[in-house]
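Below is one structure; the comments refer to it alone.
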Amino acid sequence: MSLTIADIQAPIAAEMNRFEQTFKDLMKSDVMLLDQITNYIVRRKGKQLRPMFVFLTAGVCGTINDSTYRGAALIELLHTASLVHDDVVDDSNYRRGFFSINALWKNKIAVLVGDYLLARGLSLSLDNGDYDLLGIGNKAVRDLSEGELLQLEKARRLDINEDVYYEIIRQKTASLIAACCAMGARSVNATTEMIEIARLFGEKVGIAFQIKDDLFDYGTAEVGKPLGIDIKEKKMTLPLIYALNKAARSDKRRVINIIKNHSDEPKQVNDVISFVKESGGIEYATVAMQNYVQQAKDLLYKLPASTYRNSLEGLIQYTIERSK
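By numbering that gives the first Met the number 0, the letter at position 103 of the sequence shown is numbered 102, and the numbering carries on one by one without gaps.
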């Protein structure tokens with residue numbers, strides 16, 4: 000039977016409860032409008048997988064301490080800021096089934112709220128002298144921004160290959176999970192070697208996580224994102240890249256023409272989905288995801304055995320078995 004989030008959280012249940020209150024306190028402000036918005040964000044928090052990676056990795060590598068809490072808070076502030084900004088960039092009105100900040104308070108306020116969250120994370124680290132943690136977080140935000148811009152550039156020309164695809168998702172998605180794990184290890188003064196193992200572990204999990212997200216675009220389950228949304232947004236995902244690489248020149252031209260010029264037409268999008276499925280794109284991406292999962296496990300087994308490590312292994316499985 001698959002593990003639940005509660006099962007995975009078991010070794011750090013007390014830490015996550017304390018973190019939740021710590022994070023709420025960090026989000027408080029003297030500006031009434033800002034307080035109203037940050038309260039809205041806190042009430043609609045997700046599964047908090049990223050703080051879990053921080054605490055579990057810290058537990059594997061040493062003893063969880065106050066620095067670990069600050070690292071988890073920094074990651075969550077940076078992640079939340081990036082989501083608020085993403086919704087503005089994507090002109091998205093919903094986040095996790097609720098209205099986005101920009102939908103309720105308009106773009107200008109949403110951008111400023113995202114800026115505030117970034118600044119709050121910076122001041123948290125600077126005020127406590129967590130310069131190493133801040134360095135890890137800063138690199139993640141830089142990678143994330145570069146990955147988003149690279150994806151936007153490639154969406155215009157649709158000339159992405161697998162190497163570019165992996166670079167985009169390494170920067171866009173995996174960089175933040177890698178930062179979580181590196182931050183957890185660094186917060187407990189782990190060795191340089193151990194921190195790098197933790198970082199690479201998080202990177203492999205993050206890549207597997209994104210491939211799973213790509214696969215949702217071709218499924219029928221209710222996953223929190225509409226079917227074919229990546230195609231409509233002209234995002235070149237792994238199943239599609241594989242299918243195009245295998246296709247005859249005429250089919251390739253036809254599919255690229257649909258994505259460029261007809262991605263707002265449901266029938267045409269469904270044609271692309273069928274093309275990818277018939278070309279074996281789903282199976283290819285699934286095998287690639289499993290390969291990254293195995294690489295993540297191989298790295299994880301280099302860290303000391305413990306209940307924390309068991310939960311990290313469970314978190315890997317949860318990442319690829321999740322339905323949303």
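We put the CB at the ideal spot given by N, CA and C, even for glycine.
Thr219, DSSP secondary structure in three states:
Within the sequence shown, residue 219 is the residue found at index 220, counting from 1. Residue confidence for Thr219 is low, a pLDDT of 43 falling below 50, so the modelled location carries little weight; the figure read from the coordinates is stated next. Residue state, collapsed to three classes: coil.
Beta-carbon gap between Ile240 and Tyr164 smaller than 9 Å
If you number the sequence shown from 1, residue 240 lands on position 241. If you number the sequence shown from 1, residue 164 lands on position 165. Closer than 9 Å, so yes.
Check whether the region 156-175 touches the region 188-200, taking contact to mean three or more Cβ pairs, one atom from each stretch, closer than 8 Å.
no
Assuming the contact rule is C-beta atoms closer than 8 Å, Leu157 and Ile258 should be a hit. Round their C-beta distance to whole Å, please.
On the sequence shown, residue 157 is found 158 positions in, with the first residue counted as 1. On the sequence shown, residue 258 is found 259 positions in, with the first residue counted as 1. Indeed they touch by this definition, with Cβ atoms about 6 Å apart.
Gln293: which of Glu14, Ser278, Gly313 and Ala304 sits nearest, CA to CA?
Position 294 of the sequence shown, counting from 1, holds the residue named residue 293. Among Glu14, Ser278, Gly313 and Ala304, the Cα nearest to that of Gln293 belongs to Gly313.
Since Ile341 contacts Met51 with CB under 8 Å, what's their CB separation in whole angstroms?
Only positions 0 to 323 of the chain appear in this structure, which leaves residue 341 out of reach.
How would you write the range of the alpha helix (DSSP H) that Gly45 sits in, first residue to last?
On the sequence shown, position 46 is the one that residue 45 refers to. Annotation: Gly45 is outside any alpha helix (DSSP H) and is labelled neither H nor E by DSSP.
Give the DSSP-derived three-state secondary structure of Pro303 in the structure shown.
Your numbering for residue 303 matches position 304 in the sequence shown. In the structure shown, Pro303 sits in coil (DSSP, three-state: anything other than H, G, I, E or B).
Drop a sphere of 10 angstroms on the beta-carbon of Thr190, count the other beta-carbons inside from all chains shown, and report buried for 16 or more, exposed for fewer.
Working through the sequence shown from its first residue, we reach residue 190 at position 191. With fewer than 16 Cβ atoms within 10 Å of its Cβ, Thr190 is classed as exposed.
State the DSSP-derived secondary structure class of His261, mapped to helix, strand or coil.
If you number the sequence shown from 1, residue 261 lands on position 262. The answer is coil: DSSP assigns His261 none of H, G, I, E or B.
Leu157 by DSSP, collapsed to three states: which one?
Taking the first residue of the sequence shown as position 1, residue 157 is located at position 158. The answer is coil: DSSP assigns Leu157 none of H, G, I, E or B.
Whose C-beta lies closer than 6 Å to the C-beta of Asp131 among residues of the same chain, with five residues either side of it excluded?
Residue numbering aside, residue 131 sits at position 132 when the sequence shown is read from its first letter. So the qualifying residues of the chain are Arg185.
Less than 9 Å between the C-beta atoms of Thr318 and Phe215, yes or no?
Position 319 of the sequence shown holds residue 318. Position 216 of the sequence shown holds residue 215. No, these two residues do not count as a Cβ contact at 9 Å.
Could you tell me the distance, in whole angstroms, from the CA atom of Gly113 to the CA atom of Leu82?
Stepping through the sequence shown from its first residue, residue 113 is reached at position 114. Stepping through the sequence shown from its first residue, residue 82 is reached at position 83. Going from the Cα of Gly113 to the Cα of Leu82 covers about 8 Å.
How far does the alpha helix (DSSP H) with Ile7 in it reach, from first residue to last?
Reading the sequence shown from its first residue, position 8 is the one you call residue 7. Element bounds for Ile7: Ile4 to Gln8.
Buried versus exposed, by CB contacts within 10 Å (16 or more), Asp297
Within the sequence shown, numbered from 1, the residue matching residue 297 stands at position 298. It is exposed - the Cβ of Asp297 has fewer than 16 other Cβ atoms within 10 Å.
Check whether the Cβ atoms of Asn92 and Ala80 sit closer than 9 Å, and answer yes or no.
Within the sequence shown, residue 92 is the residue found at index 93, counting from 1. Within the sequence shown, residue 80 is the residue found at index 81, counting from 1. Taking a C-beta distance under 9 Å as the contact criterion, Asn92 and Ala80 do not qualify as a contact pair.
Spatial distance of Arg155 from Val30 (CA atoms)
As a working mapping, residue 155 is identified with position 156 in the sequence shown. As a working mapping, residue 30 is identified with position 31 in the sequence shown. Roughly 40 Å between the two C-alpha positions.
For Ser278, three-class secondary structure by DSSP:
By 1-based counting over the sequence shown, the position of residue 278 is 279. The answer is coil: DSSP assigns Ser278 none of H, G, I, E or B.
Quick one, which of Cys179, Gly61 and Trp104 has its alpha-carbon nearest Gly134's?
Within the sequence shown, numbered from 1, the residue matching residue 134 stands at position 135. Out of Cys179, Gly61 and Trp104, Cys179 has the C-alpha closest to the C-alpha of Gly134.
Thr219: buried (16+ other C-beta within 10 angstroms of its C-beta) or exposed?
By one-based count along the sequence shown, residue 219 stands at place 220. The pLDDT assigned to Thr219 is 43, lower than 50, so where the model puts this residue is not dependable, and the model offers no usable value.
Suppose you measure from the CA of Thr3 to the CA of Lys46; what does that come to, to the nearest Å?
Taking the sequence shown and counting its residues from 1, one reaches residue 3 at position 4. Taking the sequence shown and counting its residues from 1, one reaches residue 46 at position 47. For Thr3 and Lys46, the distance between alpha carbons rounds to 11 Å.
What's the call for Thr306, buried or exposed, on a 16-neighbour Cβ count within 10 Å?
Taking the sequence shown and counting its residues from 1, one reaches residue 306 at position 307. Exposed, by the Cβ-count rule.
DSSP state of Ile63 mapped onto helix, strand, coil:
By 1-based counting over the sequence shown, the position of residue 63 is 64. Coil, per DSSP.
From what residue to what residue does the alpha helix (DSSP H) around Glu14 run?
Position 15 of the sequence shown holds residue 14. Start and end: Ala12 to Leu25.
Taking its Cβ as the centre, do 16 or more other Cβ atoms sit within 10 Å of Ala71, making it buried, or is it exposed?
Within the sequence shown, residue 71 is the residue found at index 72, counting from 1. Buried is the label assigned to Ala71, since at least 16 other Cβ atoms lie within 10 Å of its Cβ.
Note down, in chain order, each residue of its chain lying with its Cβ closer than 7 Å to the Cβ of Ala295, except the 5 sequence neighbours on either side.
The residue labelled residue 295 in the question sits at position 296 within the sequence shown. In its chain, beyond the 5 residues on either side, Phe200, Lys203, Val204, Ala207 and Ile315 have a beta carbon closer than 7 Å to the beta carbon of Ala295.
Just tell me which of Lys107, Tyr217 and Ala118 has its CA closest to the CA of Ala242.
Taking the sequence shown and counting its residues from 1, the one referred to as residue 242 is at position 243. Minimum Cα distance to Ala242 is reached at Tyr217.
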